[in-house]
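Quick note, the sequences are listed as chains A and B, same order.
In terms of the working numbering, the first sequence is residues 539 to 841.
In terms of the working numbering, the second sequence is residues 539 to 841.
Cβ coordinates follow ideal geometry from the N, Cα and C atoms, glycine included.
Just so we're clear, the structure is a prediction, and the values are computed from it rather than from any experiment.
Have a look at the structure below, then the notes.
There are 2 protein chains.
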Amino acid sequence: MRQFNEDTLTDAVVARLKDTENPRFRQVMTSLVKHLHAFAREVGLTEEEWFEGIKFLTATGKMCDDKRQEFILLSDVLGLSMMVVALNHKTPPGATEATVLGPFFAHGAPEFESGADLRQGATMKGEDTYVTGRVLSTDGKPIPNAALDIWQAKADGIYDVQDPNAEFELRGRVKADAKGEFAFKSYKPKFYSVPDDGPVGELLRATGNHKMRPAHMHAIVSAPGYQQVITHVFVDGDPYLDSDAVFAVKDSLIGKYSKVDSPEEAKRLGMPNPFTKLEWDFRLAPESGVKARKTIAPSDAFA
Amino acid sequence: MRQFNEDTLTDAVVARLKDTENPRFRQVMTSLVKHLHAFAREVGLTEEEWFEGIKFLTATGKMCDDKRQEFILLSDVLGLSMMVVALNHKTPPGATEATVLGPFFAHGAPEFESGADLRQGATMKGEDTYVTGRVLSTDGKPIPNAALDIWQAKADGIYDVQDPNAEFELRGRVKADAKGEFAFKSYKPKFYSVPDDGPVGELLRATGNHKMRPAHMHAIVSAPGYQQVITHVFVDGDPYLDSDAVFAVKDSLIGKYSKVDSPEEAKRLGMPNPFTKLEWDFRLAPESGVKARKTIAPSDAFA
Numbered sequence: 539m540r541q542f543n544e545d546t547l548t549d550a551v552v553a554r555l556k557d558t559e560n561p562r563f564r565q566v567m568t569s570l571v572k573h574l575h576a577f578a579r580e581v582g583l584t585e586e587e588w589f590e591g592i593k594f595l596t597a598t599g600k601m602c603d604d605k606r607q608e609f610i611l612l613s614d615v616l617g618l619s620m621m622v623v624a625l626n627h628k629t630p631p632g633a634t635e636a637t638v639l640g641p642f643f644a645h646g647a648p649e650f651e652s653g654a655d656l657r658q659g660a661t662m663k664g665e666d667t668y669v670t671g672r673v674l675s676t677d678g679k680p681i682p683n684a685a686l687d688i689w690q691a692k693a694d695g696i697y698d699v700q701d702p703n704a705e706f707e708l709r710g711r712v713k714a715d716a717k718g719e720f721a722f723k724s725y726k727p728k729f730y731s732v733p734d735d736g737p738v739g740e741l742l743r744a745t746g747n748h749k750m751r752p753a754h755m756h757a758i759v760s761a762p763g764y765q766q767v768i769t770h771v772f773v774d775g776d777p778y779l780d781s782d783a784v785f786a787v788k789d790s791l792i793g794k795y796s797k798v799d800s801p802e803e804a805k806r807l808g809m810p811n812p813f814t815k816l817e818w819d820f821r822l823a824p825e826s827g828v829k830a831r832k833t834i835a836p837s838d839a840f841a
Numbered sequence: 539m540r541q542f543n544e545d546t547l548t549d550a551v552v553a554r555l556k557d558t559e560n561p562r563f564r565q566v567m568t569s570l571v572k573h574l575h576a577f578a579r580e581v582g583l584t585e586e587e588w589f590e591g592i593k594f595l596t597a598t599g600k601m602c603d604d605k606r607q608e609f610i611l612l613s614d615v616l617g618l619s620m621m622v623v624a625l626n627h628k629t630p631p632g633a634t635e636a637t638v639l640g641p642f643f644a645h646g647a648p649e650f651e652s653g654a655d656l657r658q659g660a661t662m663k664g665e666d667t668y669v670t671g672r673v674l675s676t677d678g679k680p681i682p683n684a685a686l687d688i689w690q691a692k693a694d695g696i697y698d699v700q701d702p703n704a705e706f707e708l709r710g711r712v713k714a715d716a717k718g719e720f721a722f723k724s725y726k727p728k729f730y731s732v733p734d735d736g737p738v739g740e741l742l743r744a745t746g747n748h749k750m751r752p753a754h755m756h757a758i759v760s761a762p763g764y765q766q767v768i769t770h771v772f773v774d775g776d777p778y779l780d781s782d783a784v785f786a787v788k789d790s791l792i793g794k795y796s797k798v799d800s801p802e803e804a805k806r807l808g809m810p811n812p813f814t815k816l817e818w819d820f821r822l823a824p825e826s827g828v829k830a831r832k833t834i835a836p837s838d839a840f841a
């Protein structure tokens, strides 16, 4: 095989995949090569543009470290992450919808009983918020002892893992109780900017896009026998709900953060008065009968 | 814009490109997003596979440094580099065909008059070879004073720039004379392996492909008023001509390296006897009337 031109080259490269041991890998690579070549042909990619692409990918790799995953961010802003979520998390009827994991999950977060205060040791203050709700199955029955991995950005719009001075902050694994109920204290999420000092920031500027994500709290909710859900709770009224830089907003995931002015309730819950309250239920589909949602180990991305 | 599913997401991401200032960049990004999403949909990309991709790209970026460009190598083995050559270098009738630049071009190589000995200071010996020929225009007329950037791997299959102990070796900018004639002394190229200790090596193994390139000498031939050509001369009879890891072989670029046993000729040329000889003419098309071939600055890849 030699003497390829733009019309024969793609088939030649695909033919070279014939000895791929894993048939699924062969399928994925075949599609990848075809689309990569089709892209280059469709736009008539010039050498200068190809080389800009090489430099962009190289810089994106160089930007990655144990705290920063620029390729996940790139996947996020190109809508690929959300596409993969859409392809893999068909929401079972009545279950909480999934959305992007994002690059800021961290293993080893502290574990708490329901009622925990995630503001403990916080380096920044925010709007005091009491989050409470239930973990339910899709038929409305409480699921006992579910685990909720919760994380969100600090008041300055960056996550604890991005901040060398922060330990785990506004982050923890909260256990729901035997009745499926959970509660924790945190701050009201604020909208923030994705990291924009790298190649992805350049890309956003070159395409005339802002870098903002609407305010949200992340949650991964897990219980034995149920499909895990990786999701967000967005804040109702946020100005960026319709232009999320990573395309992750779902109507069903927008929560109402309400102002509570009640000295009695504040006292009962151990909150200052007034305070903000979010009531939010998560609903999980049973594992049986459908393909289990597999979870990746996100922090491996920082290996 | 929110609430995207696998059917609506691609249009949403493309719509976000509407404010891209540069229309060509918008066109390229639109095609890229469409093909990226179509690839994910076509194979039903799983989260595990997506994450393997993220890790692969990250590792590829980490492998790049001032001596190694793993993304160019990746582009080479996926046939993308050769596709870009095919799209941008339609060979004018009668002109030397172009092929991949590869990642081992280096700026600042020593300049020589015709007759130069590129074996000077070589850290490894090879098969002594005398290369001679002419630089001609497509109508067969000699082009005076053309410049030939020449480089090739050493006998151990690696390039000088890959070897911390080597200076410029088997590499130089040779000037053709006023009659378009050039000559230089070097070693006969040998087939070699592309670097396989990184992610691209893993990819080659996973797809059951070897890592070899057929023996070749690189040349970039330039003359004022003519289209520059980036090309190779391959060695006739090489076992890898039909399975070049980077798909770069063209029939018209295979040269005959002949054994010469003639004490007189050896003496006249300043070669040992016997020696190997390659006679090779390069043919350049005039610049006028066609789009000039633009040259990228390859060593910028190592910035």
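Please name the residue, chosen from B:689, B:708, B:684, that lies closest to residue 717 (chain B) on a Cα-to-Cα basis. Position 179 of the second sequence holds residue 717 (chain B). For the residues B:689, B:708, B:684, the minimum Cα distance to residue 717 (chain B) belongs to B:684.
Determine whether the beta carbon atoms of residue 731 (chain B) and residue 750 (chain B) lie at a separation below 7 Å. Here residue 731 (chain B) is taken as the residue at index 193 of the second sequence, counted from 1. Here residue 750 (chain B) is taken as the residue at index 212 of the second sequence, counted from 1. Yes, these two residues count as a Cβ contact at 7 Å.
For residue 768 (chain A), the nearest candidate out of A:792, A:643, A:744, A:561 (CA to CA): For the purposes of this step, residue 768 (chain A) is taken as residue 230 along the first sequence, with counting starting at 1. By alpha-carbon distance to residue 768 (chain A), the top candidate from A:792, A:643, A:744, A:561 is A:643.
In the DSSP assignment, what are the bridge partners of residue 697 (chain A)? Start at 1 with the first residue of the first sequence, and residue 697 (chain A) comes out as number 159. BP columns for residue 697 (chain A) are empty, so no partner.
By DSSP's criteria, residue 670 (chain A) is part of a beta bridge. Which residues make up the other side? Locating residue 670 (chain A) in the first sequence gives position 132, counting from the first residue. For residue 670 (chain A), which the question treats as bridged, DSSP gives the partners A:721, A:817.
On the three-state DSSP scale, how would you describe residue 685 (chain B)? Taking the first residue of the second sequence as position 1, residue 685 (chain B) is located at position 147. DSSP places residue 685 (chain B) within a strand segment (E or B) once states are collapsed to three.
Anyone know if the C-beta pair for residue 920 (chain B) and residue 590 (chain A) falls short of 7 Å? For residue 920 (chain B) there is no data in the structure shown, the boundaries of chain B being 539 and 841.
Is the region 788 to 804 of chain B touching the region 769 to 777 of chain B in the sense that three or more CB pairs, one from each, lie closer than 8 Å? Verdict: yes, contact present.
Does residue 755 (chain A) come out as helix, strand or coil in the three-state DSSP assignment? Taking the first sequence and counting its residues from 1, one reaches residue 755 (chain A) at position 217. Per DSSP, reduced to three states, the secondary structure at residue 755 (chain A) is strand.
Would a check of beta-carbon distances place residue 569 (chain B) closer than 7 Å to chain A? Counted from its first residue, the second sequence places residue 569 (chain B) at position 31. Chain A contact via Cβ: present.
Beta-carbon separation (whole angstroms), residue 637 (chain A) vs residue 786 (chain A), contact threshold 8 Å: Mapped onto the first sequence, residue 637 (chain A) falls at position 99. Mapped onto the first sequence, residue 786 (chain A) falls at position 248. Contact between residue 637 (chain A) and residue 786 (chain A) holds, since their C-beta atoms are separated by about 4 Å, short of 8 Å.
Quick one: complete beta strand (DSSP E) runs, 3+ long, within the region 722 to 810 of chain A? For the region 722 to 810 of chain A, whole beta strand (DSSP E) runs of length 3 or above, ordered along the chain, are 754 to 760, 767 to 773, 795 to 798.
Return the residues of the region 682 to 701 of chain B that lie within a Cβ-Cβ distance of less than 7 Å from chain A, sorted by chain order. Those residues of the region 682 to 701 of chain B that come within reach of chain A (Cβ to Cβ, closer than 7 Å) do not exist; the list is empty.
7 Å is my cut-off, CB to CB: does residue 551 (chain A) come that close to chain B? Here residue 551 (chain A) refers to the residue found at position 13 when the first sequence is read from its first residue. Contact with chain B is found for residue 551 (chain A), since one of that chain's Cβ atoms lies less than 7 Å from the residue's Cβ.
Among the residues of its own chain, which have a CB less than 8 Å from the CB of residue 630 (chain A), if the five just before and after it don't count? For the purposes of this step, residue 630 (chain A) is identified with residue 92 of the first sequence, where counting begins at 1. The residues are 676, 765, 823, 828.
Interface residues of the region 577 to 588 of chain B facing chain A [CB-CB below 8 Å]: Residues 577, 578, 579, 580, 581, 582, 583, 584, 585, 586, 587, 588.
Which same chain residues, not among the five before or five after residue 725 (chain A), have their C-beta less than 6 Å away from its C-beta? Counted from its first residue, the first sequence places residue 725 (chain A) at position 187. If you ignore the 5 residues before and after residue 725 (chain A), its C-beta comes within less than 6 Å of the C-beta of 664, 665, 667, all in its own chain and listed in chain order.
Ends of the alpha helix (DSSP H) at residue 581 (chain B)? Here residue 581 (chain B) corresponds to residue number 43 of the second sequence, with the count starting at 1. Counting along the chain, the alpha helix (DSSP H) containing residue 581 (chain B) begins and ends at 561 to 581.
Helix, strand or coil at residue 593 (chain B) [DSSP, three-state]: In the second sequence, residue 593 (chain B) corresponds to position 55, counting from 1. Three-state DSSP puts residue 593 (chain B) in a helix.
Please list, in chain order, the chain A residues whose beta carbon lies closer than 9 Å to that of residue 765 (chain B). Residue numbering aside, residue 765 (chain B) sits at position 227 when the second sequence is read from its first letter. Neighbours of residue 765 (chain B) on chain A: none; closest Cβ ~13 Å, over 9 Å.
Are three or more beta carbon pairs between the region 698 to 718 of chain A and the region 644 to 652 of chain A nearer than 8 Å? Three or more pairs of CB atoms, one per stretch, sit closer than 8 Å, so the region 698 to 718 of chain A contacts the region 644 to 652 of chain A.
Can you look up residue 823 (chain A) in the DSSP assignment and give me helix, strand or coil? Start at 1 with the first residue of the first sequence, and residue 823 (chain A) comes out as number 285. In the structure shown, residue 823 (chain A) adopts coil according to DSSP, grouped into three states.
Cβ distance (whole Å) where residue 761 (chain B) is taken to contact residue 710 (chain B) below 8 Å: Mapped onto the second sequence, residue 761 (chain B) falls at position 223. Mapped onto the second sequence, residue 710 (chain B) falls at position 172. With a Cβ gap of about 17 Å, residue 761 (chain B) and residue 710 (chain B) do not count as contacting.
At the 7 Å Cβ level, is residue 640 (chain A) part of the contact set with chain B, yes or no? In the first sequence, the residue the question calls residue 640 (chain A) occupies position 102. Interface flag for residue 640 (chain A) against chain B is unset, since no Cβ pair is found closer than 7 Å.
Establish whether the CB of residue 789 (chain A) and some CB of chain B are separated by less than 7 Å. As a working note, residue 789 (chain A) is residue 251 in the first sequence. Taking Cβ atoms only, chain B reaches closer than 7 Å to residue 789 (chain A), which makes this a yes.
In chain order, what residues of the region 737 to 753 of chain B put their CB closer than 8 Å to some CB of chain A? Result list: 744, 745, 746, 747.
Considering only DSSP beta bridges, list what residue 712 (chain A) is partnered with. In the first sequence, the residue the question calls residue 712 (chain A) occupies position 174. DSSP, once it has assigned bridges, lists A:650, A:686 as partnering residue 712 (chain A).
Identify which residue in B:816, B:803, B:804 has its Cα closest to the Cα of residue 796 (chain B). Here the question's residue 796 (chain B) lines up with position 258 in the second sequence. Comparing alpha-carbon positions, the option among B:816, B:803, B:804 lying closest to residue 796 (chain B) turns out to be B:816.
I'd like the span of the alpha helix (DSSP H) that includes residue 885 (chain A), first residue to last. Nothing can be reported for residue 885 (chain A): it is not among the residues displayed for chain A, which extend from 539 to 841.
Given a threshold of 16 other Cβ atoms within 10 Å of its Cβ, counted over all protein chains shown, does residue 801 (chain B) qualify as buried or as exposed? Here residue 801 (chain B) refers to the residue found at position 263 of the second sequence. Burial call: exposed.
Say whether chain B places a C-beta atom closer than 7 Å to the C-beta of residue 758 (chain A). Locating residue 758 (chain A) in the first sequence gives position 220, counting from the first residue. No, residue 758 (chain A) lies away from the interface with chain B (no Cβ there is under 7 Å from its Cβ).
At the level of alpha carbons, what is the spacing between residue 618 (chain A) and residue 608 (chain B)? Numbered from 1 along the first sequence, position 80 holds the residue referred to as residue 618 (chain A). Numbered from 1 along the second sequence, position 70 holds the residue referred to as residue 608 (chain B). Roughly 23 Å between the two C-alpha positions.
Helix, strand or coil for residue 614 (chain A), going by three-state DSSP, please let me know. Translated into positions along the first sequence, residue 614 (chain A) becomes position 76. Residue state, collapsed to three classes: helix.
Work out the CA separation of residue 569 (chain B) and residue 635 (chain A) for me, nearest whole Å. If you number the first sequence from 1, residue 635 (chain A) lands on position 97. If you number the second sequence from 1, residue 569 (chain B) lands on position 31. Their backbone Cα atoms lie some 29 Å apart in a straight line.
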